[in-house]
Amino acid sequence: MNAGLSGKLLEIRGKFVNSLPERKERLIALHSKLTAGTCTANDMDELRFIVHKIHGLAGTLGFTTLGSFAASLELEVNATIEKGGYSNTFCDGVVTLIGHVQDAIDA
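Every letter in the sequence shown is one number past the one before it in numbering that gives the first Met the number 0, and letter 29, counting from 1, is 28.
Shown next as structure tokens:
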């Protein structure tokens with residue numbers, strides 16, 4: 000990899016990591032709505048968007064565990080939106096994603 004490309008990837012990685020605290024806070028807020036039973040269709044769309052963004056960038060930027068988990072959760076989010084309703088297991092997946100996001104922030 001040439002130095003210019005490597006530098007650009009480091010810049011993108013830095014921006015991604017800097018975006019994670021805000022995404023984590025939104026995930027926490029959405030999880031609260033899920034557990035309270037007040038999650039709207041717009042909230043589920045926001046959850047899908049956040050998980051998709053994490054999935055799309057994490058693995059490429061060296062956060063393999065985060066990217067892999069986000070990929071599987073993205074499938075669950077999409078299935079949940081299609082069928083309506085969600086389970087405790089689904090809510091637990093959001094908590095696990097929050098933990099993986101925190102691990103990436105701390106890395």
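Glycine is no exception: its CB is placed at the ideal position from the N, C-alpha and C atoms.
For residue i, count neighbouring Cβ atoms within 10 angstroms of its own Cβ and tell me buried if that reaches 16, exposed if not.
| i | result |
| --- | --- |
| L96 | buried |
| A106 | exposed |
| E73 | buried |
| G66 | buried |
| L9 | exposed |
| I53 | buried |
| T79 | buried |
Distance, Cα to Cα, residue i vs residue j?
| i | j | result |
| --- | --- | --- |
| F68 | N41 | 23 angstroms |
| G61 | V100 | 13 angstroms |
| G84 | A70 | 20 angstroms |
| A103 | S5 | 19 angstroms |
| T34 | G13 | 32 angstroms |
| V94 | T59 | 23 angstroms |
| N77 | K7 | 32 angstroms |
| M43 | N17 | 23 angstroms |
| S31 | E21 | 15 angstroms |
| T63 | T39 | 30 angstroms |
Is it the case that the Cβ atoms of residue i and residue j are separated by a distance below 7 angstroms?
| i | j | result |
| --- | --- | --- |
| E81 | G92 | no |
| F89 | L56 | no |
Exercise for review: Mind the definition here: the region 48 to 68 touches the region 20 to 36 only if three or more C-beta pairs lie below 8 angstroms; say whether that holds.
Suggested key: yes
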